[in-house]
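A.B. asks: Numbering-wise (our numbering), the sequence shown opens with residue 8 and increments by one. Every residue, glycine too, gets a C-beta built ideally from N, C-alpha and C.
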Amino acid sequence: MDIEQYKQQFDEQDAVGWDCIDGAMEKLYPGQEPRHYAPGLYYALGGDNPLDGISVYESRQQADHLHFVTYGFSELYYDEEAAGGEFSKFGFELTFRLKKVTETEDPAWACNLLQNIAKYVFSSGKWFEEFHFIPANGPIRLEYETDITALAFIKDPELGTITTPHGEVTFLQMVGITTKEYESLMQNPTIGECEKLLQRLRADNPLLITDLDRK
């Protein structure tokens, strides 16, 4: 799509990239109204949190879990300069699948985790790709006894990659890994070793749902 086509199809009121993310989620969860978390003050207006939103869907696939998706790593709004690009801003949005602990669980802590990841990306200019991994510098959920202390990244098995008027957006799923798994990766810290680990985990957890109680 060139700039002229872009200007004919959209105007400055359109959340072009945001609508593309919504469209992908609607295909996966038709008719479902997600919980949505937005910062009090948007980042572009001086707020502290880089992500303009995080939606949380209820998934029944494989096991009941919460499915998070971010809005902010890609170009969300009308931007003629972004039209027809290869990648939309950083070229990804994060997702996260979390096994439910209780039916009434408040997932705000996971939203904070996603915002903290975003702060790192926005401040450093470094982005994530499939089979990257990082330490969380402690349990990924504070005040909860868990061995999950690091994160790995893989293309979301249900969402994959979409093409938007601003370029490609890959839905990159964050997967919680244990201290032992992270220490093992650090003995040979390569993308290939991370891929092997995640493929092993997929053998009995195809959607790579993060379970805080996994040892």
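Measure the alpha-carbon distance for Ile216 versus Lys106 and round it to whole angstroms.
C.D. replies: In a straight line, the C-alpha of Ile216 is about 6 Å away from that of Lys106.
A.B. asks: With DSSP as the reference, please indicate the residues paired to Gly174 in a beta bridge.
C.D. replies: DSSP lists Thr171 as partners of Gly174.
A.B. asks: Would Leu121 pass as a contact of Leu101 if the rule is Cβ separation under 7 Å?
C.D. replies: A contact, by the Cβ cut-off of 7 Å.
A.B. asks: Measure the C-alpha to C-alpha separation of Arg209 and Gln12 and round it to an integer number of angstroms.
C.D. replies: Spanning the two alpha carbons is a distance of roughly 42 Å.
A.B. asks: What is the residue span of the alpha helix (DSSP H) that Ser191 lies within?
C.D. replies: Element bounds for Ser191: 186-194.
A.B. asks: For Ser66 and Phe103, I'd like the C-alpha separation in whole angstroms.
C.D. replies: Approximately 12 Å, taken between the alpha carbons.
A.B. asks: In chain order, which beta strand (DSSP E) runs of at least 3 residues are fully inside the segment 33-105?
C.D. replies: If we require 3 residues or more, the beta strand (DSSP E) runs fully inside the segment 33-105 come out as 42-44, 60-66, 72-78.
A.B. asks: Under DSSP, the alpha helix (DSSP H) around Lys203 begins and ends at which residues?
C.D. replies: Here the alpha helix (DSSP H) through Lys203 covers 198-209.
A.B. asks: What is the C-beta distance between Ala125 and Pro57, in whole angstroms, given that I count them as a contact (C-beta under 8 Å)?
C.D. replies: Their Cβ separation, rounded to whole angstroms, is 4 Å, which keeps Ala125 and Pro57 in contact under 8 Å.
A.B. asks: Is there contact here, the segment 26-40 with the segment 49-56, by at least three beta-carbon pairs under 8 Å?
C.D. replies: Segments in contact, no.
A.B. asks: Any idea what DSSP makes of Gln122, helix, strand or coil?
C.D. replies: Helix, per DSSP.
A.B. asks: Looking at the unbroken alpha helix (DSSP H) that takes in Ile10, where does it start and where does it end?
C.D. replies: Taken as a continuous stretch (DSSP letters only), the alpha helix (DSSP H) holding Ile10 covers 10-16.
A.B. asks: Taking the continuous beta strand (DSSP E) assigned at Phe135, which residues delimit it?
C.D. replies: Premise fails: Phe135 is in no beta strand (DSSP E) and is neither H nor E.
A.B. asks: DSSP on Ala31, reduced to helix/strand/coil?
C.D. replies: Three-state DSSP puts Ala31 in a helix.
A.B. asks: Which two residues bound the contiguous beta strand (DSSP E) that contains Thr156?
C.D. replies: First-last of the beta strand (DSSP E) with Thr156: 155-162.
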